[in-house]
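These notes are about the structure you will find just below.
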Amino acid sequence: MKTLCTPLLLLTLLGLSPCVAQKTLTGTGASAYIPSHLSAPVCQPQGWSPLPNLTIGVQEGIELMSVIQYLGGHLENNTPSSYKNDVRKYFTPYRNHPAVLAMFNFDYRIFSDLVECGLSLNGFPNIQRSPIPDSSVWYKSFSKDTLNWYLDLCMQFYKDTHFHDFYMAHQEAYKAWASGLAISVKEPIRIFDSLIDVKAEHHWLICMDPINDWGAHTIMPDLVNSAYKGYYIYQLGYFGDKDSTGKMTFQADLYNFAWHEGTHAFTGPLLDKYKTSVDSLDYLMPNSPALRNQNIQDGDFPHYFNELLPRAVSIALTRQFRSQEEYQNLLNSEKNRRGFVHVDVVADLIYTDYVHERKVASFEGMLLEIFAMLHQKYPAKA
Numbered sequence: 005m006k007t008l009c010t011p012l013l014l015l016t017l018l019g020l021s022p023c024v025a026q027k028t029l030t031g032t033g034a035s036a037y038i039p040s041h042l043s044a045p046v047c048q049p050q051g052w053s054p055l056p057n058l059t060i061g062v063q064e065g066i067e068l069m070s071v072i073q074y075l076g077g078h079l080e081n082n083t084p085s086s087y088k089n090d091v092r093k094y095f096t097p098y099r100n101h102p103a104v105l106a107m108f109n110f111d112y113r114i115f116s117d118l119v120e121c122g123l124s125l126n127g128f129p130n131i132q133r134s135p136i137p138d139s140s141v142w143y144k145s146f147s148k149d150t151l152n153w154y155l156d157l158c159m160q161f162y163k164d165t166h167f168h169d170f171y172m173a174h175q176e177a178y179k180a181w182a183s184g185l186a187i188s189v190k191e192p193i194r195i196f197d198s199l200i201d202v203k204a205e206h207h208w209l210i211c212m213d214p215i216n217d218w219g220a221h222t223i224m225p226d227l228v229n230s231a232y233k234g235y236y237i238y239q240l241g242y243f244g245d246k247d248s249t250g251k252m253t254f255q256a257d258l259y260n261f262a263w264h265e266g267t268h269a270f271t272g273p274l275l276d277k278y279k280t281s282v283d284s285l286d287y288l289m290p291n292s293p294a295l296r297n298q299n300i301q302d303g304d305f306p307h308y309f310n311e312l313l314p315r316a317v318s319i320a321l322t323r324q325f326r327s328q329e330e331y332q333n334l335l336n337s338e339k340n341r342r343g344f345v346h347v348d349v350v351a352d353l354i355y356t357d358y359v360h361e362r363k364v365a366s367f368e369g370m371l372l373e374i375f376a377m378l379h380q381k382y383p384a385k386a
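First residue of the sequence shown: 5, per the working numbering; consecutive thereafter.
Okay, here's the thing in structure tokens:
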């Protein structure tokens with residue numbers, strides 16, 4: 005049940021001090037809705053750090069698949085860490101396990117986000133597997149039989165290596181990482197919930213991925229495990245950060261991280277609904293080496309727009325809540341370095357009509373305004 009209240013009361017109820025509330029809610033676009041808090045996440049393992057509407061931890065199934073992919077030579081990891089040393093020490097004797105050899109022998113590139121399929125694994129330590137939905141994008145990369153065969157091998161690796169023993173032995177580290185990250189990420193998440201996704205019922209689930217240094221990645225639950233419907237899920241890799249004592253910590257640009265990935269999580273269904281409107285703008289597709297370096301291929305405007313929108317939301321929120329320098333740096337990076345040449349005009353519209361002032365009732369309405377603005381500003385040539 006949602007309760008209507010003033011913006012200041014909203015932030016107080018959500019655990020922010022009045023001084024933070026005054027800094028945070030400065031425009032008339034601030035929502036008066038308290039986000040709905042869902043129950044604890046599916047199969048919540050030991051050592052997770054819950055906050056209202058937020059859970060952070062190392063998810064056992066994802067970590068299992070990361071270890072196997074690392075041993076099989078298909079996981080991006082160039083960052084030294086004490087944890088990676090522990091992984092090597094414990095699991096090196098199993099490098100010839102059928103699951104590892106299957107990964108090693110795949111004769112095409114396996115991207116790091118395959119480990120998201122670990123969310124289909126549950127019931128630890130009595131490991132089980134939920135069927136991956138037929139709509140999963142992973143069936144475009146693997147046949148259904150091949151993916152299910154590999155996941156069965158991963159389950160056997162879990163049993164043969166006593167993986168749960170390794171996982172439980174690192175609970176103290178997992179808890180410390182989660183606690184530190186929660187302190188940093190709760191304000192940007194609450195800003196996002198209050199201003200952008202004002203009426204959606206969801207739970208944020210951040211899966212730390214300590215032997216993966218490829219960045220942050222949004223997981224669409226309907227494509228991996230439908231039991232997680234209503235969750236905003238993403239993985240966060242380890243980038244080499246340490247505290248003053250030399251212990252591992254998880255850090256990132258947590259404002260941009262939360263706002264970018266959060267937008268991915270809730271706009272997926274909207275972009276599917278308005279696929280025809282997105283496709284009608286395909287003449288705007290840039291020809292950019294910078295985009296190709298991010299795996300956005302020439303002519304793939306839906307992918308470009310899917311990445312443009314969260315960048316524009318993050319820029320608009322940065323303009324409202326962060327420093328002018330941070331705003332300018334982020335805008336310059338996304339437009340000039342990363343190649344999202346339309347991000348400035350989209351961010352400006354979101355800022356003026358949805359963030360700074362609430363001129364549009366919903367983000368779906370905001371999306372329709374974006375389509376209309378782009379058509380008007382950049383008309384198709386006859």
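C-beta atoms are modelled at their ideal positions from N, C-alpha and C, and glycine is treated no differently.
*Say whether the segment 238-256 touches the segment 272-283, bearing in mind that this needs 3 or more beta-carbon pairs closer than 8 angstroms, one atom from each stretch.*
no
*asked:* Using CA atoms only, rank isn't needed, just tell me which of F161, N57 and F110 is closest to I193.
replied: N57
*Quick one: which unbroken beta strand (DSSP E) runs of 3-plus residues sit fully inside the segment 283-352? Chain order, please.*
The qualifying runs do not exist here; there are none.
*Leaving aside the five residues before and after I60 along the sequence, list all residues of the same chain whose C-beta is less than 6 angstroms from its C-beta, in chain order.*
S53, A182, L185, A186 and I210
*Who are the near neighbours of R342 in its chain, counting only those whose CB is closer than 6 angstroms to its CB and skipping five residues on each side?*
A294
*Output the distance between the C-alpha atoms of S85 and F95, rounded to the nearest integer angstrom.*
16 angstroms
*Where does W263 fall in DSSP's three states?*
helix
*Three-pair Cβ contact test at 8 angstroms for the segment 303-321 versus the segment 284-291*: yes
*Where does N89 fall in DSSP's three states?*
helix
*Top-ranked residue by Cα proximity to T222, from H264, Q298 and F367*: It is H264.
*Step through the CB atoms of chain D and report whether any lies within less than 8 angstroms of the CB of K144.*
The structure shown contains no chain D; it holds only a single protein chain.
_When you compare the segment 353-368 with the segment 303-322, are there three or more beta-carbon pairs, one atom per stretch, that lie closer than 8 angstroms?_
yes
_Enclosing beta strand (DSSP E) for A220 [first to last residue]_ = A220 to I223
*Would you check if the distance between the CB atom of N81 and the CB atom of Y74 is smaller than 8 angstroms?*
yes
*According to DSSP, what are the bridge partners of K144?*
Answer by DSSP bridge pairing: none, since K144 is not bridged.
*asked:* Can you tell me which residues form a DSSP beta bridge with D213?
replied: G241
_By DSSP's criteria, G61 is part of a beta bridge. Which residues make up the other side?_
C211
*Excluding sequence positions up to five away, which residues of its chain have a Cβ less than 8 angstroms from the Cβ of V345?*
P290, S292 and K339
*Three-state secondary structure (DSSP) at A36?*
Caution is warranted here: a pLDDT of 26 is assigned to A36, below 50, making its placement in the model unreliable, and the coordinate value is therefore given only provisionally. Residue state, collapsed to three classes: coil.
*Chain-order list of residues whose beta-carbon lies under 7 angstroms from that of I374 (same chain, five-residue window excluded)*: Excluding sequence neighbours, I374 sits near V350 and L353.
*Does the Cβ of N216 have 16 or more other Cβ atoms within 10 Å, making it buried, or fewer, making it exposed?*
buried
_CA-to-CA distance, K251 to A180, given in whole angstroms_ = 10 angstroms
*Over the uninterrupted alpha helix (DSSP H) stretch that includes N109, give me the two end residues.*
P102 to N109
*Assuming M377 and Y358 form a contact by the criterion Cβ under 8 angstroms, report the distance between their Cβ atoms to the nearest whole angstrom.*
Contact doesn't hold; Cβ gap of about 12 angstroms is too wide.
*Host alpha helix (DSSP H) of Q380 (start-end)*: F367 to K381
*List the whole-angstrom C-beta distance separating V71 from M212, where the pair is believed to meet the contact cut-off of C-beta under 8 angstroms.*
The pair is not a contact, with the Cβ atoms about 14 angstroms apart (cut-off 8 angstroms).
*State the CB to CB distance for the pair Y232 and L123, rounded to an integer number of angstroms; the pair is presumed to be in contact (CB under 8 angstroms).*
Approximately 6 angstroms separates the beta-carbon atoms of Y232 and L123; this is inside 8 angstroms, confirming the contact.
*Determine the DSSP secondary structure at Y278, reduced to helix, strand or coil.*
Correct three-state label for Y278: coil.
*With DSSP run on the structure shown, which of helix, strand or coil describes N390?*
The shown model of the chain, from 5 to 386, leaves out residue 390, and the question about it has no answer.
*Thinking just about the alpha-carbon of each residue, which of N100, M69, Q255 and Y331 is nearest to the one in D117?*
M69
*Find the nearest neighbour of R362 within the set S198, K163 and S134, judged by alpha-carbon distance.*
If you compare the alpha carbons of S198, K163 and S134 with that of R362, the shortest gap goes to S198.
*Report the option in G266, K277, A103 and A106 whose CA atom is closest to the CA atom of E205.*
G266
_Comparing C-alpha positions only, which one of P129, I200, G65 and Q175 sits nearest to A269?_
I200
*Distance, Cα to Cα, D111 vs F146?*
12 angstroms
*Would a C-beta distance cut-off of 8 angstroms place L240 and A262 closer than the cut-off?*
no
_Below 8 angstroms on the Cβ atoms is my contact criterion, and I expect Y143 with L151 to pass it. Report the Cβ-Cβ distance as a whole number of Å._
About 7 angstroms; that satisfies the 8 angstroms criterion.
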